[in-house]
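Residue numbers (my numbering): 179 to 531. No residue lacks a Cβ here, since even glycine has one placed at the ideal position from N, Cα and C. Here the structure is a predicted model, which means the values were calculated and not measured.
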Amino acid sequence: MKRLRRLCVALMTAFVAGTPTWAQFGPNLLAEGDFEAGLQGWQAAVSGAQAAAAGLTVDDGQAKVGARSLKFTVPKEGGVSATSPVAPVEGGKVYLYSFWFCSEGFSKTGLFAGCNAQYSLTWLNAEGKVVGSVGVGLSYGEVPAWRFMARTVRAPAEATGMRANYAVTVNAEGIPSRLWLDRVQLRALSGAPAPGGKVWVFRAADGFYDQGAFRRVADDDTGSGFAVIGATRFQNKPSYLSGGMYTRALPAGQFQVTYRVKAAEIATETEPLLSWDINTDLIGHLAAGNILTTDFRQPGAYQDFTFDFVKPPNVRWVDFRAFWQGGVTTWIDTITVREVRLFTDADNQALMD
179 MKRLRRLCVA LMTAFVAGTP TWAQFGPNLL AEGDFEAGLQ GWQAAVSGAQ
229 AAAAGLTVDD GQAKVGARSL KFTVPKEGGV SATSPVAPVE GGKVYLYSFW
279 FCSEGFSKTG LFAGCNAQYS LTWLNAEGKV VGSVGVGLSY GEVPAWRFMA
329 RTVRAPAEAT GMRANYAVTV NAEGIPSRLW LDRVQLRALS GAPAPGGKVW
379 VFRAADGFYD QGAFRRVADD DTGSGFAVIG ATRFQNKPSY LSGGMYTRAL
429 PAGQFQVTYR VKAAEIATET EPLLSWDINT DLIGHLAAGN ILTTDFRQPG
479 AYQDFTFDFV KPPNVRWVDF RAFWQGGVTT WIDTITVREV RLFTDADNQA
529 LMD
């Protein structure tokens, strides 16, 4: 019934706006992510010296959407985790994973104080074997008001399913804590940069890099005539080859970011060369991944690496970072962001509802 009401609201919004904004996001593929039917399909586990006092329950008095949420209760030296049902996915497809959470206890300073909360996404193939995973930490500090979290992910080519896990642990130095979880969603994301859409270009050589580790060098293969180089003859310590934009220019919307990079050689072994992420002021990474040594087609030639992401309205600034892992000499030119769709109020509602 709750889902029917949401669909009706979405259809009415689309009719008023004249465009089917609700269709920008596919249906939720993760069953029972609103916990209105209790823990159906979810698996709970407790651990630690005071495991008997830890618990995972459905809270009828605390919810962001609907009437119920999932509540993690953790004493000192205890842990609670919850694992979702497996959601069906298509290999190589882009998805938006999102949820709401709030918490009590944890840290009063925002720094680690013995309590930790995190979630992980695990990709499975048709035989149920793990073919990829990503782990993400939540705020060390208490989050008293409901906070929306979103991350764009791409399913590995061989993936047919995805499983989410949430875990909250407290050690002997921490304080008893609680966390609430609601409206967990995995939705397919599609779209390409809009013709005539907005474009933002950041040149790493303009100062957007770790200037204590890397150098700005002349490069005739770039539009500005300069690039930032990571090379073992100058510095072999891994650090940020790009970062520090902290731009507030992007409104809420769906975008693609392109890193223009070249490598001096193509390695024979597959290893991460650059670890990229789209960092934020509030909710961690909007998306993240690796550019591998074997992803380059030609040594010494610039190549574009493009990734999708969604910026929710509760995010103020974003930073497009590329962390050089060392080894192969690497140049970075520009980080270009292209509009796929700028969100209306109706889009934001569809995103966060």
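At a cut-off of 3 residues, the continuous stretches assigned as beta strand (DSSP E) that sit fully inside the segment 228 to 269 are 233 to 237, 247 to 252 and 256 to 261. Closest in C-alpha terms to G403, from the list D511, N294, R475 and W495, comes D511.
Beta-bridge partners of G467 (DSSP): W454. Under the three-state reduction of DSSP, T425 is assigned to strand. A straight-line Cα-Cα distance of about 5 Å links L364 and Y275. Annotated as distal: A245 and C280, with beta-carbon spacing of 8 Å or more.
Under the three-state reduction of DSSP, L460 is assigned to coil, being neither helix nor strand.
Here Q527 carries a helix assignment [DSSP, helix/strand/coil]. Residue I407 holds the alpha-carbon nearest to the alpha-carbon of W509 among I407, S417, G219 and I456.
Burial is judged here by how many other beta carbons sit within 10 angstroms of a residue's own beta carbon; T410 has fewer than 16 and is exposed. For A333, there is no enclosing beta strand (DSSP E), since its DSSP letter is neither H nor E. Separation of the CB atoms of C293 and S225 is rounded to 14 Å, and the pair is thereby denied contact status at 8 Å. DSSP, reduced to helix, strand and coil, places T446 outside both helices and strands of the structure shown, so it counts as coil. Under DSSP, K489 shares a beta bridge with G431.
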